[in-house]
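Protein chains in written order, with this note's numbering: chain A, 1 to 130; chain B, 1 to 401.
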């Protein structure tokens, strides 16, 4: 079985891949990065929560110009997953305005982000229309 | 004006090698320590001055806020080489002395030991092995794989989000392209603009696509430039010549804000709330409203950004930005001329210069010296800039009575 590692630590792989957020136990604000404190209420206690895998596309752009090595065009967007906003690419869809629509329903999907010299696969995620 | 300013709380961290702590970790330790020592909370701070020389990135102050508290207060990122820390403190002291804040927070931070970058595990130089690093535990660069951090893409999403929120039914691309058409048309009258060529809607929409719906002419123009201003107080102005007094413009409002925490703000920058806050404070300080403005120079870093700022600056009813634009109101012959200079898209955006350059434009009209592009009878103008991270500056200028 090929070794797999998530592209970012807030992606949990396995049978049901999903995202995990750090939720402030005082006010409920959610974050994806390692925290020093809550930006909303300044508290310092967090618990990990699962983020719904389905959501609605609230904003998007189709990037045609990117840094060298980044395949273009790609669709970058903001997905509202049951009240938690997630930054992600919209994948498994033609990257043009005819196929991507504001408000469209999307769900989490994983993809291969790369392979390292030891053969470990980096697994990334995006959201695909359904 | 405050009589004395005091150090209420102060903290330094243990200096040394901290390979597992990044710059913001160290700053957060110092900030939390100082607040605890003072017996006050981040929520009470009225201003943040922050310095960091080697870290790169867009703003250490904002990076710190995201980890200790985003309360929307003005942030000054300062730099004076080895005197940076004292400069940060001086900035906080000036703000408190001027009565702009009761409590100020100053912080200086540096990672200079060895490589200074947070990285887990040892990596052999001739091997590429995935090793999680950084606050997201990323094993490879994420830009392009998990959304985009490039400016055209970020601001494209900001504009598209507005349309989604207000259920805009028509084609987004053409709407934003017509905003760009306006600014390129305005710039033909501005000899100081980087680009003074009129561009048709077809030319704009047909140009190179950068990040849909922003094509190249819909993006701020990268160019070289500078702007400078001299300010003076009332008492000194009264002693100067009649000519100097006649041409002096009153700074009726000078406001700086940052983005207060809201859901999604650390995922897609929110340039709306901090602008609304800055505008509201500015209108209150100046004692004027949006209807009193004779011209507005706002931050059209991308055509998609201009639209949302019509709403954020109160130039239209909430949700009414597209109607405002469609009515022609923001063209130079409309009721609220916006970016008659050509804006960042056509006049250009030499980043640090823009915030004073757009004030220059407003002043130029208020003095009646704008020649061919003069907005007749201009008495009051507003200049607005946004720095991503974020910060928003709003100034309202008035012609001398």
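Even glycine gets a Cβ: it sits at the ideal position worked out from N, Cα and C.
Just so it is clear, the structure is predicted and the values come from calculations on it, not from any experiment.
Taking residue i as the reference, which of the options has the closest Cα?
i, options, result
"residue 167 (chain B)", "B:356, B:321 and B:329", "B:321"
"residue 393 (chain B)", "B:272, B:302 and B:241", "B:272"
"residue 74 (chain B)", "B:54, B:95 and B:233", "B:95"
"residue 337 (chain B)", "B:318, B:183 and B:233", "B:183"
"residue 33 (chain A)", "A:41, A:42 and A:23", "A:23"
"residue 57 (chain A)", "A:89, A:74, A:38 and A:13", "A:89"
"residue 137 (chain B)", "A:44, A:75, A:40 and A:124", "A:124"
"residue 7 (chain B)", "B:63, B:65, B:251 and B:89", "B:89"
"residue 158 (chain B)", "B:379, B:10, B:300 and B:367", "B:300"
"residue 109 (chain A)", "A:14, A:60, A:127 and A:38", "A:127"
"residue 288 (chain B)", "B:228, B:274 and B:379", "B:379"
"residue 72 (chain A)", "A:82, A:61, A:86 and A:80", "A:61"
"residue 70 (chain B)", "B:192, B:280 and B:46", "B:46"
"residue 377 (chain B)", "B:352, B:400 and B:242", "B:400"
"residue 207 (chain B)", "B:189, B:269, B:237 and B:174", "B:174"
"residue 77 (chain B)", "B:68, B:67, B:66 and B:91", "B:91"
"residue 342 (chain B)", "B:55, B:334 and B:358", "B:358"
"residue 409 (chain B)", "B:224, B:5 and B:155", "Chain B is shown from 1 up to 401; residue 409 (chain B) falls before or after that span and cannot be answered."
"residue 110 (chain B)", "B:151, B:15, B:4 and B:68", "B:15"
"residue 375 (chain B)", "B:384, B:385, B:363 and B:386", "B:363"
"residue 391 (chain B)", "B:316, B:257 and B:262", "B:257"
"residue 5 (chain B)", "B:97, B:43, B:356 and B:189", "B:97"
"residue 366 (chain B)", "B:127, B:196 and B:250", "B:250"
"residue 373 (chain B)", "B:105, B:192, B:319 and B:43", "B:192"
"residue 263 (chain B)", "A:87, A:10 and A:11", "A:87"
"residue 31 (chain A)", "B:331, B:141, B:67 and B:49", "B:67"
"residue 228 (chain B)", "B:9, B:101, B:93 and B:353", "B:353"
"residue 151 (chain B)", "B:134, B:85 and B:303", "B:303"
"residue 25 (chain A)", "A:47, A:37 and A:113", "A:47"
"residue 68 (chain A)", "B:141, B:198, B:215 and B:54", "B:141"
Taking the Cβ atom as the reference point for each residue, do residue i and residue j lie within a distance shorter than 7 Å?
i, j, result
"residue 78 (chain A)", "residue 164 (chain B)", "no"
"residue 396 (chain B)", "residue 282 (chain B)", "yes"
"residue 181 (chain B)", "residue 204 (chain B)", "yes"
"residue 121 (chain A)", "residue 2 (chain A)", "yes"
"residue 139 (chain B)", "residue 5 (chain A)", "yes"
"residue 185 (chain B)", "residue 345 (chain B)", "no"
"residue 278 (chain B)", "residue 253 (chain B)", "no"
"residue 161 (chain B)", "residue 29 (chain A)", "no"
"residue 27 (chain B)", "residue 11 (chain B)", "no"
"residue 65 (chain A)", "residue 210 (chain B)", "yes"
"residue 70 (chain A)", "residue 144 (chain B)", "yes"
"residue 76 (chain A)", "residue 93 (chain A)", "no"
"residue 348 (chain B)", "residue 177 (chain B)", "no"
"residue 55 (chain A)", "residue 81 (chain A)", "yes"
"residue 129 (chain B)", "residue 64 (chain B)", "no"
"residue 50 (chain B)", "residue 93 (chain B)", "no"
Answer with buried or exposed for residue i, where buried requires no fewer than 16 other C-beta atoms within 10 angstroms of its C-beta.
i, result
"residue 245 (chain B)", "exposed"
"residue 147 (chain B)", "buried"
"residue 222 (chain B)", "exposed"
"residue 382 (chain B)", "buried"
"residue 124 (chain B)", "Interpretation of residue 124 (chain B) is limited by its pLDDT of 45, a score under 50 that renders its predicted location unreliable; no figure is taken from the coordinates."
"residue 266 (chain B)", "buried"
"residue 200 (chain B)", "exposed"
"residue 49 (chain A)", "exposed"
"residue 121 (chain B)", "Note that residue 121 (chain B) scores a pLDDT of 45, beneath 50, so its modelled location is shaky and nothing firm can be said."
"residue 240 (chain B)", "exposed"
"residue 259 (chain B)", "buried"
"residue 398 (chain B)", "buried"
"residue 306 (chain B)", "buried"
"residue 291 (chain B)", "exposed"
"residue 236 (chain B)", "exposed"
"residue 80 (chain B)", "exposed"
Mind checking whether the beta-carbon of residue i lies closer than 6 Å to any heavy atom of the ligand GDP?
i, result
"residue 174 (chain B)", "With respect to the ligand GDP, the structure offers nothing, as it holds no ligand at all."
Practice problem: Quick one: which residues of the segment 124-140 of chain B get their C-beta closer than 7 Å to a C-beta of chain A? List them in chain order. | Solution: Contact annotation: in the segment 124-140 of chain B, residues whose CB is within less than 7 Å of a CB in chain A are 127, 128, 129, 130, 132, 135, 136, 137, 138, 139 and 140.
Self-check item: Members of the segment 57-78 of chain A near chain B, C-beta cut-off 9 Å
Solution: If the cut-off is 9 Å between Cβ atoms, the segment 57-78 of chain A has 57, 58, 59, 60, 61, 62, 63, 64, 65, 66, 67, 69, 70, 71, 72, 73, 74, 75, 76, 77 and 78 near chain B.
Quiz item: What residues in the segment 18-32 of chain A bring their beta carbon closer than 9 Å to a beta carbon of chain B?
Solution: Hits within the stretch, in order: 29, 30, 31 and 32.
Quiz item: Which of the residues in the segment 244-271 of chain B, read from start to end, lie with their CB under 7 Å from any CB of chain C?
Solution: Protein chains in the displayed structure are A and B, and chain C is not among them.
Practice problem: Could you tell me which uninterrupted alpha helix (DSSP H) segments, each at least 4 residues in length, are contained entirely in the segment 97-184 of chain B, listed from first to last along the chain? | Solution: Taking only runs of at least 4 residues, the alpha helix (DSSP H) segments lying wholly in the segment 97-184 of chain B are 151-165.
Exercise. Can you check the segment 291-361 of chain B for any beta strand (DSSP E) of at least 3 residues that lies completely inside it and give the ranges in chain order?
Key: Taking only runs of at least 3 residues, the beta strand (DSSP E) segments lying wholly in the segment 291-361 of chain B are 295-297.
Quiz prompt | Every unbroken alpha helix (DSSP H) inside the segment 195-259 of chain B [4 residues or more] | solution = Those alpha helix (DSSP H) runs which fall completely within the segment 195-259 of chain B and span 4+ residues are 201-206, 234-237 and 242-247.
Exercise. Identify each residue in the segment 103-127 of chain A for which the Cβ-Cβ distance to at least one residue of chain B is less than 7 Å, and report them in chain order.
Key: So the list reads 103, 113, 114, 116, 117, 118, 120, 122 and 124, given in the order they occur along the chain.
Practice problem: Taking only runs that begin and end inside the segment 28-73 of chain B, name each unbroken alpha helix (DSSP H) of 4 or more residues, in chain order. | Solution: The DSSP assignment places 60-68 as complete runs of the alpha helix (DSSP H) inside the segment 28-73 of chain B, in order along the chain (cut-off: 4 residues).
Quiz item: Taking Cβ-Cβ distances below 8 Å as the criterion, which residues of the segment 61-85 of chain B are in contact with chain A?
Solution: Within the segment 61-85 of chain B, the residues whose Cβ lies closer than 8 Å to some Cβ of chain A are 65, 66, 67, 68, 69 and 70, listed in chain order.
Quiz item: What are the residues of the segment 25-50 of chain B that lie near chain A, defined by any Cβ-Cβ distance shorter than 7 Å?
Solution: Among the residues of the segment 25-50 of chain B, those with a Cβ less than 7 Å away from any Cβ of chain A are 25, 28, 41, 42 and 43, in the order of the chain.
Quiz item: the segment 205-227 of chain B: which residues have C-beta closer than 7 Å to a C-beta of chain A, in chain order?
Solution: Cβ contacts with chain A come from 209, 210, 211 and 212.
Quiz prompt | Against chain A: residues of the segment 334-365 of chain B by CB proximity under 7 Å | solution = Those residues of the segment 334-365 of chain B that come within reach of chain A (Cβ to Cβ, closer than 7 Å) do not exist; the list is empty.
Quiz item: Can you list, in chain order, the residues of the segment 286-318 of chain B whose Cβ is nearer than 8 Å to any Cβ on chain A?
Solution: Listed by position along the chain: nothing, the set is empty.
Quiz item: What are the start and end residues of each continuous beta strand (DSSP E) run of 3 or more residues lying completely inside the segment 24-91 of chain A, in chain order?
Solution: When DSSP assignments are scanned along the segment 24-91 of chain A, the uninterrupted stretches of beta strand (DSSP E) that are 3 or more residues long and fall wholly within it turn out to be 46-51, 54-63, 74-81 and 84-90.
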